[in-house]
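Trainee: With my numbering applied, the sequence shown corresponds to residues 21 to 69, in that order.
Note that beta-carbon positions come from the ideal geometry of N, C-alpha and C, so glycine has one too.
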Amino acid sequence: MHKAFGALDAAKQEALAADLVALAEKFNRAADGTLVAPSEYIEVVIKRN
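1. Does the distance from the C-beta atom of PHE47 to that of ALA57 stay below 7 Å?
2. By how many angstroms is the C-alpha of PHE25 removed from the C-alpha of ALA31?
3. Rounded to whole angstroms, how far is the Cβ of ALA44 from the Cβ of LEU28, which I believe are closer than 8 Å?
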């Protein structure tokens, strides 16, 4: 993502940022100001005591 922004001029960086925010808002399942988005993987952490 950093390289994508770096390759764009300021106006296009702002447009890309706005598009990414709109995409996150579209899929956000939370209604309390946080972000809860679906994903296609699961991370499992097991701690042995």
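Mentor: Looking at the coordinates:
1. Here residue 47 is taken as the residue at index 27 of the sequence shown, counted from 1. Here residue 57 is taken as the residue at index 37 of the sequence shown, counted from 1. Yes, the pair counts as a contact, with Cβ atoms nearer than the cut-off.
2. In the sequence shown, counting from the first residue as 1, residue 31 sits at position 11. In the sequence shown, counting from the first residue as 1, residue 25 sits at position 5. Near 11 Å, if we compare the C-alpha coordinates of PHE25 and ALA31.
3. One-based indexing of the sequence shown puts residue 44 at position 24. One-based indexing of the sequence shown puts residue 28 at position 8. Not quite, the Cβ-Cβ distance comes to about 19 Å (not below 8 Å), so this is no contact.
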